[in-house]
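Below: one structure, written as structure tokens.
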Amino acid sequence: MSTATNLEVLYNPFIIVTLLYLLSSIWEVGRLTRPDRYSKLWAERLPIAAFLLHTVFLILLATRAGNVPITNLYEALILLSWCVVGVFTTVEYIYNVPSVGAFLFPIVTVLSICALYMKGNSLVAPPTLSKFWLIAHIVPLFMGYAAFTLTFVFSIMYLTQQRQLKHKTFGPVFHGLPSLERLDAMMWRALSFGFPLLTLGLVLGAFWMKYSNALGPQWYLDSKVVMGLVTWLFYAALLHLRVGVSMHGNKVAGLTIAAFILVLFTFLGTFFLGAQHGYLDASKEDSRLIIREFESKR
Amino acid sequence: MNLLVLGLNHKSAPVEVREQLAFSPSKVTEALELLRKRFPSCEAVILSTCNRVELYACSPDDSLNEEAVMDFLSAFHGTETDKFREHMYCYSGPELVRHLFHVSSSLDSMVVGESQIVSQVKEAYIAATSCEVTGKIMHQLFQQALAVAKAVHSNSRIAQGKVSISSVAVEFAEKIFQDFSDKTVFVIGAGEMAELVLKSLVEQGTRTVMVSNRSYDRAVNLAKEFGGRAVRFDDLASEIARADIVISSTAAPHYVLHPNHIKEAMLQRKGNPMFLIDIAVPRDINPEVGRLDNVYLYNIDDLQSVVSQNVDDRAKEMETCTVMVEKEVERFMHWLEEMKIGPTIANLREHFHAVGREELNRLRTKLGDVNDTQWQEVVYTMERTLNKLLHEPAKVGKQEAKNGSGHRYVETVKRLFGLHHTDRANLSISPRHDSNHKTELPSNPS
């Protein structure tokens, strides 16, 4: 898999969005650690500006591709980071939990930088894929991933605060972080929002594969499908701990973090293991043939 | 103009002296009314709190000076001046402004950064305003003092961090629990400090209170006070799992709560955190308990060290705040200087225009037959000339005031243009002024 070179990264207009996310991260972290030095106004405005520009960029990508912007890994990452910020903004609006942005925007920034580097990636979605099923499979999954990103952020915040309270060493973020109870509740909310979406995305994906041939007859052996199932089982177990056994506290927070790492691996890691999950490698001759054939038919 | 403050505070005077001079709100009004009657042209504000008594006074002449204020205080409270004279401080000029700004920003308070003093200063100012003993100077001074206090509190960390054991305990509780209404506080041993912490927690919204004590009667009493339930000391272990917050302060010489008690309780609580405050010396809760998952144990030293840390942090912020205050002191002093030069510039203007009018009248009779439009032109030219001449002195005056040498400027202008007689129009004009006036006159065209 080839990736974008340094110069290509700089010429991509998405770099503006990335820079805005970077500035948002700096301001959000600054607000949390040195509230007297970083203005509240910028900490509020920068993320909004970044998100709006991101949305415009995504619409442009979608209109140009004439599809959900997921035809390659670059678009997929841009869509995922958009979902993450979108879900975060909604949660922020409804629940108004303080200081989440300081933990979330660095993650979004890293996702954006990853997206920039994936620009030249040779994996492309074959144009033969059904648009309807693609949307049905991807949208709930990505929303679910976004919710899981939030559970991860809440867990990190929980463990940070828990550590300070336990060891009685109070850093600069102690005052800015919400209470353990609140973070625990938010973790649970995000989890119970993400899990049905993950389930829906996986089930729809399975239906799709049963009736089409995008992954071949043994689609269920695709490593991404297998990892998806493992992730689902892990989250199901986590939910059982929360709802069934009613577990709270630091152990659950730790498990939530582990679950998110599993999500990351399912989403990105499988590609590095060589799985293509429906994508074609455009650098290979036979893939180019398929694409060209489709183009000529159209 | 004479602006001064006379007062004493917790640093300069013991409580026995402070209480003798303290004013209750009604006494403040009474004293201000009395001041207004005795010194009709003066401005005054009385600030009386449990830590300080201060009288801010401003008189156009020297009638309300240090001695007069001292006498007034002693007469009003019926104490001899000798009893409090040595504890009094008296400031004027920039020291006064600095002092008031430090007081209002709570940099001069016993607990630095406390917020109560701002409202006390505000009340003192409002009381003085409603008694009509405030004027231009006091309005500016106190409004600026309140603005400074606000700026200092919001732009520094002077008011951050709790500085009492019970407020620190509550702060920790707030970082563990969000909603206190469904939480249970369990108090073991009915000490004074425990009661204080319990009170703060109840103020936060805690509704369920359980009390356990070696002497069951005392437990019942305390429980009754907070609408709670008394628990027999022997049932402690079985009841402890219900508690979200435990405050322990028994006089027991050994540990009362052991790791196995809490381990058992935590199993029942399914990871829901438990916050234990051990304020007993010797300690009641085995420190090993603190190692258990989701258990947060704080002893008196932990809380005390946070308190000291916060006090230190506030002290460190003092420097930043002092710089902020200093800028505002400078600003007020500029304003005051400008206030001083204002009347002088007005006098100068009036003087120039009077001379102009005089000369125009002379010209009018000399010229005899002039038509109205032409005469209007002449008058306009004269006014324009005078205003042009006055522009520079007025500008320089404002600059001088900014540099703090407004007083010298006023003196110079008065001497140069012989303005003293307009100042004291009601007083007899000394011969010296007359001769001055004459030496000035030849510069006018005759």
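Residue numbers (the numbering used here), protein chains in the order written: chain Y, 20 to 317; chain V, 659 to 1104. From the three backbone atoms N, C-alpha and C, an ideal C-beta is built for every residue, glycine too.
| field | Whole-Å CB distance - LEU199 (chain Y) paired with ILE834 (chain V), under 8 angstroms assumed | value | 5 angstroms
| Using a beta-carbon distance below 9 angstroms, is MET228 (chain Y) in contact with chain V? | no
| Per-residue contacts from GLN862 (chain V) into chain Y (C-beta, under 9 angstroms) | Within 9 angstroms Cβ-Cβ: nothing; GLN862 (chain V) doesn't reach chain Y, min ~12 angstroms.
| message | Distance check for GLU988 (chain V) and THR792 (chain V), CA to CA, integer angstroms please. | response | 22 angstroms
| task | May I have the straight-line CA-CA distance separating THR1023 (chain V) from GLY1000 (chain V), to the nearest angstrom? | result | 35 angstroms
| query | Between V:VAL869, V:LEU731 and V:ALA726, which lies nearest to LEU679 (chain V) when the distance is taken from Cα to Cα? | reply | V:LEU731
| Members of the segment 806 to 819 of chain V that neighbour chain Y once the beta carbon cut-off is set at 8 angstroms | ASN813, SER814, ARG815 and GLN818
| Ordered along the chain, which non-local residues of its own chain (more than five positions away) have a Cβ less than 7 angstroms from that of GLU772 (chain V)? | SER764
| Are the beta-carbon atoms belonging to ARG972 (chain V) and ILE816 (chain V) less than 9 angstroms from one another? | yes
| request: Identify every run of the alpha helix (DSSP H) within the segment 886 to 941 of chain V, keeping only runs that are complete inside it and at least 4 residues long; order them along the chain. | output: 894 to 897 and 917 to 927
| request: Could you work out which residues of chain V lie near VAL271 (chain Y), taking near to mean beta carbons separated by less than 8 angstroms? | output: GLY929
| task | Starting from PHE189 (chain Y), trace the alpha helix (DSSP H) both ways and give me its first and last residue. | result | PHE189 (chain Y) -> no alpha helix (DSSP H), and no H or E assigned at all.
| said: One question on the structure: do LEU705 (chain V) and GLY665 (chain V) come within less than 9 angstroms of each other, judged by their Cβ atoms? | reply: yes
| query | Secondary structure at PHE266 (chain Y), three-state DSSP: helix, strand or coil? | reply | Before going on, a small fix: residue 266 (chain Y) reads as Met here, not Phe. In this structure, MET266 (chain Y) counts as coil in the three-state DSSP scheme.
| task | Starting from the Cα of ARG56 (chain Y), find the closest Cα among Y:PRO191, Y:PRO215 and Y:LYS243 and give me that residue. | result | Y:PRO191
| field | C-beta neighbour in chain Y for LYS833 (chain V), strict 9 angstroms | value | yes
| query | In terms of alpha-carbon separation, which member of V:HIS760, V:CYS716 and V:SER682 lies closest to THR980 (chain V)? | reply | V:HIS760
| said: Quick check on DSSP: helix, strand or coil for PHE226 (chain Y)? | reply: helix
| task | Locate the beta strand (DSSP E) running through CYS716 (chain V), then write down its first and last residues. | result | 710 to 717
| task | Assuming SER873 (chain V) contacts LEU894 (chain V) (C-beta within less than 8 angstroms), just tell me the rounded distance between them. | result | Actually they are not in contact, since the Cβ atoms of SER873 (chain V) and LEU894 (chain V) sit about 14 angstroms apart, beyond 8 angstroms.
| said: Using a Cβ-Cβ cutoff of 8 angstroms, what residues of the segment 40 to 74 of chain Y are near chain V? List them in chain order. | reply: ASP55
| request: On the DSSP bridge assignment, give the partners of GLY665 (chain V) in chain order. | output: V:GLU712 and V:TYR747
| query | Quick one: is ALA671 (chain V) buried, meaning 16 or more other Cβ sit within 10 Å of its Cβ, or exposed? | reply | buried
| request: Could you pull out every residue in the same chain whose Cβ sits closer than 7 angstroms to the Cβ of ARG927 (chain V), ignoring the five residues on either side in sequence? | output: ALA899
| field | Cut-off 7 angstroms between Cβ atoms - residues of its own chain near HIS267 (chain Y), not counting five sequence neighbours on either side | value | ASP203
| Span of the alpha helix (DSSP H), counted from its first residue to its last, around THR1023 (chain V) | 958 to 1025
| task | Just the chain Y side, please: which residues come within less than 8 angstroms of HIS954 (chain V) by C-beta, in chain order? | result | In the sequence under discussion, the amino acid at residue 954 (chain V) is Tyr, which differs from the His named in the question. Near TYR954 (chain V) (Cβ distances below 8 angstroms), the residues of chain Y are LEU184 and LYS185.
| request: Would you identify the three-state DSSP class for SER1104 (chain V), choosing helix, strand or coil? | output: Only weak support exists for where SER1104 (chain V) lies, its pLDDT of 33 falling under 50; the coordinates are left without a value.
| said: Less than 9 angstroms between the beta carbons of ALA121 (chain Y) and LEU219 (chain Y), yes or no? | reply: no
| Neighbourhood of LYS841 (chain V) by C-beta, 6 angstroms cutoff - its chain only, sequence neighbours within 5 removed | PHE835, THR864 and ASP902
| Looking at the C-beta of LEU199 (chain Y), does it have a partner C-beta in chain V at a distance below 9 angstroms? | yes
| Where the alpha helix (DSSP H) through ASN1045 (chain V) begins and ends | 1030 to 1060
| 7 angstroms CB neighbourhood of HIS919 (chain V) in its chain, flanking five on each side removed | ALA895 and ILE898
| Of the choices V:ASP720, V:GLU712, V:ALA733 and V:PRO1051, whose alpha-carbon is the least far from that of ILE749 (chain V)? | Residue identity check: residue 749 (chain V) is Tyr in the sequence provided, not Ile. Answer by Cα proximity: V:GLU712.
| request: Per DSSP, which residues does MET868 (chain V) bridge with? Please list them. | output: V:PHE844 and V:ARG887
| message | I'd like the list of long-range same chain contacts for VAL127 (chain Y), defined as Cβ closer than 7 angstroms, with 5 residues on each side in sequence excluded. | response | TYR40, SER100, VAL103 and VAL104
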